[in-house]
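Enquirer:
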């Protein structure tokens, strides 16, 4: 033990000597996915010698992203699954072309020298994958010739769909399904039809021949038989030999934007065994050609082995030594490495092989030193615990601010990315089925790799790296709780009591988590308390500490997004199991009895009870809820909300008191602050029940793809929940991909949280586990997907976002932006707390403006007889924001010009639209931009000014725009949130991530001497430049994750340099200017949510109507005078629908209004919104309401008129409510 301690101390000393560099084992293994540029199934073409060949490119770009030098690749291996195919096509040539495009077969080398045995058949087809539109091809001059000169055949079918010639037979057939090509599952010969051509009876296929041209056609009707089949020409050879194809194919499509597929291949019967076939992999020397081994292909393979299928049909192959094929490809800017995969059949075997999709690759690469650029002064230490003092988080006697991320990762990587906190979810479970039944945590042996072992090791790792923890392992929902199914057996620790069978039946009716039932039911509450006890009394064998006394825990969460008060008051209890609903009603009636003594007292207060209600039989209903509250007197509203709050708070207080009892006084959980719940949408009931704990814990995700900086500053939810006397915590937040402007968000957040004096800021999220830094370089930056929208906010591979987050963290943690000295105070009294008047919270554009100009605090005063007051006065509507907004002395939200500027002595941030150059107040100037947008930051590393007599010795530099997967394609015109964005992804792309090359010139008004060092996303040093007697640093097309500027001295004054900025967007509108206003009166009768507009209005008419109308708004996009086919009018903070502020996009296609998208910036209750839409539009055609915040609720109506159909969709996900109106035919 002592030896290990000494070694560790020496290692720490070495880190200091080596500039905080760390070394890992050399080399490291990196999984490559995809290892080939095309990861689809590899199909082979058979050459004249009977060898099956396929050319594929290695993913050289992925290797180049991972390594620093070409010789860093020590080995490269492939894992291949070679499979035997059923009857199908051995594809020789194929392609896709648009309408009227032509494929010339004479120019395709693969169509010469095709080897056919006697009886083997060639297939030629053209088909359209999209059934809705007709398509096919006209083949002109099509002929198949025997290469020995013995004959030629043309597809001339005068009266019969089959002809014979000296070299073979030709026939017309339908084959399918084309979605399964190149497998052939079905085949039927064509017959002569009554239209002078050929086809299949009652089918979509047809063919016609006039002697010179052959037409193959699919009519696009999916109601026809064999609609998924393709029309084909089949040639069957009469003798063994080689054959060639000539002619052209003109592709025809009923939709000019849809492509037609064509394909030529050899029809092969199901493969015989692949056993003893030879797989060889060669390096391709020249692109194109016949892939002749020894000519276009190296003569000696880089790998060769016989296939061993064992007892099966397929062969697993571990192909080693592939690195020898790389050549100089890693040294070239666009280097390529093509491989030829060749399979030679065993003697006498007829095979049809393929390599299954998803070939795997593994590279062993050199591991270079990693650098720790950031460190934090306050780290966990023995005997010191986090506490709340005067509404602020402290660690010992020092203020503690936490900049963190959600989920997991090695402490070393977390620390290097600039975080000092992790919000720990359920990386491990505390239970096995047996231990859950006993109500105890699982037992394990240290190092056994079990879930709890991994969890404990991770927590110890965070401790070693000085990382604090926001503990969510204690919350009732998710996999961290005691699993309900394991507690329902009759020998469970929870079993017993007269009502056990009834309780067990009701518990089985619960869908999802049982956490909120614990607030009503004693058994479930016992389970929650037992889970807390199991967590806090568990001894981590890697630290020797109970979690109740672990110094790394800075905040403890009881619930995550439970929203009990908000959800109960909004949705009621009708969907609860009757057992728990009845229990809740009994508790409500008991509460009333305790307050009013008898029914007469209740009637005196409320004036009346509903028919059938009586205190004597406990039948006073669980009312009012939001939908019915207007039917009941204020007194009953007040009582019911007070009851709900007291029920929730009594449990929370009990939970906190119990947890505090698990540690000695002044130690660990006995003093660490508690968060009662995390809140993702405005709601005073929700906020009030949280206020009774230690924090306001809030969240919001921002999904818009355009820049947020073109609007006055506002951060929905985040900017309207800062309590005056509690910790302020952001438990999750993020700006989602695919927005190319997302790197602006961390700087926005750092200003906001500094100005509002937040304690904890946590980003969602990272799932990098124990991956090496090199492995993380090999990952992808995924957009939202239809199966999991949260992939759009994962950080582990997002180089640009993490760079900006790291820099923004310096601003927040080091207090580089001042705190609001005299915040505006919003007081919410009893009339706001104990009623439905503020059910949807307080906020909106007026509060946002106050937050960013004055700062704001909310005071909840339940004993004060008032609603909502601002600085002691009634709220008054504010004026629209017209000018740039200043936050403190150093920050300007120049929203008219789409940029945020922070200009303090220690911080220079310019994020937004680029300009030719920008000079900060002290003369530091940036220019030389090659992009229309940039997120640039220059930040002092030691808190001293960037210039002056006592200036800093080090400064960090970051300049980023976007990064995305190779081949990523997306429709950026799509409005809506992550669910809609997932559907708008045309191609998610593959690894490697492509980082935008961002140029900038940084010039100081004084001479500087020192050094600039650049680091990549793995924190490896990639460049170093000495600066002597200069004042300007030029970084053309750089892709650094971070730069470190070290000053050895500053000298005389110098003129700053300003370089040209070719990336600044100065492109004028092109095309004819159209100012004509039109409207289609036929569409006037279709409902439009904007009263000033009709669906028939064109862009110019609609813009004038909105611009000159009476709609209250903050801003409207300028009128665009161009002939662009698609345009959008955006209204910001328009108070229109339901009287709630919203951002509205009116979208035009071909100068016709096509849809209106509404995003509420102060959201109504979704239940209330749906109810009002049902009143207006009737019964929905689709209704999906979910209870989980991270999934999307969606309700849809269809309003049909003769002139068109209006599709209306209301959605809510993670507290964001949207409406979408789409006009169709």
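Numbering (the working numbering), first residue to last: 1299 to 2523. Built from N, CA and C at the ideal position, the CB exists for glycine as well. Every value quoted in this text rests on a predicted model; they were computed, and no experiment measured them.
1) As a quick exercise: from 2473, 2503, 2515 and 1731, pick the residue whose alpha carbon is nearest that of residue 2492.
2) Exposed or buried, which one is residue 2199 when buried takes at least 16 other CB atoms within 10 Å?
3) What does the alpha-carbon distance come out to for the pair residue 1414 and residue 1534?
4) For residue 2114, does the three-state DSSP call read helix, strand or coil?
5) Quick check: residue 2041 and residue 2233, are their CB atoms within less than 7 Å of each other?
6) Using DSSP's beta-bridge definition, name the partner residues of residue 1276.
7) Let's see if you can read the secondary structure: which residues bound the alpha helix (DSSP H) around residue 2315?
8) So residue 1562 packs on residue 1420, CB below 8 Å; how close in whole Å?
9) Would you call residue 2077 buried or exposed, if buried means 16 or more other Cβ atoms sit within 10 Å of its Cβ?
10) If you draw a straight line from the C-alpha of residue 2523 to the C-alpha of residue 2496, how long is it?
11) With DSSP as the reference, label residue 1877 as helix, strand or coil.
12) Are the CB atoms of residue 1923 and residue 1870 nearer to each other than 7 Å?
13) Should the stretch 2159-2166 be called in touch with the stretch 2010-2024, which here means at least 3 C-beta pairs below 8 Å?
14) With respect to the alpha helix (DSSP H) encompassing residue 2377, which residues constitute its N-terminal and C-terminal limits?
15) So, at 8 Å on beta carbons, what are the nonlocal neighbours of residue 1831 in its own chain, with the 5 sequence-adjacent residues on each side left out?
16) So, is residue 1855 buried or exposed, given that buried needs 16 or more other C-beta atoms within 10 angstroms?
17) Can you list the beta strand (DSSP E) stretches of 3 or more residues lying completely in the stretch 2248-2282, in chain order?
18) Excluding the 5 residues flanking residue 2362 on each side, which residues of the same chain have their C-beta closer than 7 Å to its C-beta?
19) Pop quiz: residue 2038 and residue 2286 are said to be a contact at Cβ under 8 Å. What is the actual Cβ separation, rounded to whole angstroms?
20) From the DSSP output, read off the bridge partner residues of residue 2519.
21) Within 8 Å, do at least three Cβ pairs link the stretch 1435-1451 to the stretch 1534-1543?
22) Is it buried or exposed for residue 1674, if we count other Cβ within 10 angstroms and need 16 for buried?
23) What does residue 2512 pair with, by DSSP beta-bridge criteria?
24) Please classify residue 2335 as buried or exposed, where buried requires at least 16 neighbouring CB atoms within 10 angstroms.
25) Between which two residues does the beta strand (DSSP E) harbouring residue 2053 extend?
26) Suppose the cutoff is 7 Å on Cβ atoms and the five residues either side in sequence are ignored; what does the same chain contact list for residue 1393 look like?
27) State the start and end residues of the unbroken alpha helix (DSSP H) segment that holds residue 2401.
28) Taking the alpha-carbon positions, what's the residue 1933 to residue 1904 distance?
29) Sorted by chain position, which residues of the same chain lie with C-beta nearer than 7 Å to residue 1256's C-beta, five sequence neighbours on each side aside?
30) Measuring straight from C-alpha to C-alpha, what distance separates residue 1586 and residue 2344?
31) Output needed for residue 1849: all residues of its chain with C-beta closer than 7 Å, excluding positions within five of it in sequence on either side, in chain order.
32) So, at 8 Å on beta carbons, what are the nonlocal neighbours of residue 2155 in its own chain, with the 5 sequence-adjacent residues on each side left out?
33) Figure out for me which residue from 2139, 1659, 1551 and 2308 has the closest Cα to the Cα of residue 1292.
34) Does DSSP put residue 1656 in a helix, a strand or coil?
35) With a Cβ-Cβ cutoff of 7 Å, do residue 1975 and residue 1865 count as a contact?
36) Alpha carbon to alpha carbon, how far is residue 2349 from residue 2403?
Expert: From the atom records:
1) 2515
2) buried
3) 9 Å
4) coil
5) yes
6) Because the chain is modelled from 1299 through 2523, residue 1276 falls outside the range shown and cannot be assessed.
7) Neither: residue 2315 is in no alpha helix (DSSP H) and is coded neither H nor E.
8) 7 Å
9) buried
10) 12 Å
11) helix
12) yes
13) no
14) Premise fails: residue 2377 is in no alpha helix (DSSP H) and is neither H nor E.
15) 1956 and 1960
16) buried
17) 2252-2258 and 2261-2264
18) 2212, 2213, 2214, 2227 and 2230
19) Not quite, the Cβ-Cβ distance comes to about 16 Å (not below 8 Å), so this is no contact.
20) 2454 and 2506
21) yes
22) buried
23) Residue 2512 pairs with nothing; no bridge assigned.
24) exposed
25) It is not in any beta strand (DSSP E) - residue 2053 instead sits in the alpha helix (DSSP H) that spans 2043-2053.
26) 1401 and 1560
27) 2397-2406
28) 6 Å
29) Residue 1256 cannot be examined here, being either before or after the span of the chain that is shown, 1299 to 2523.
30) 51 Å
31) 1678, 1679, 1680, 1682 and 1683
32) 2020, 2021, 2022, 2121, 2122, 2123 and 2124
33) What the structure shows of the chain is the stretch from 1299 to 2523, and residue 1292 is not part of that stretch, so it cannot be assessed.
34) coil
35) no
36) 60 Å
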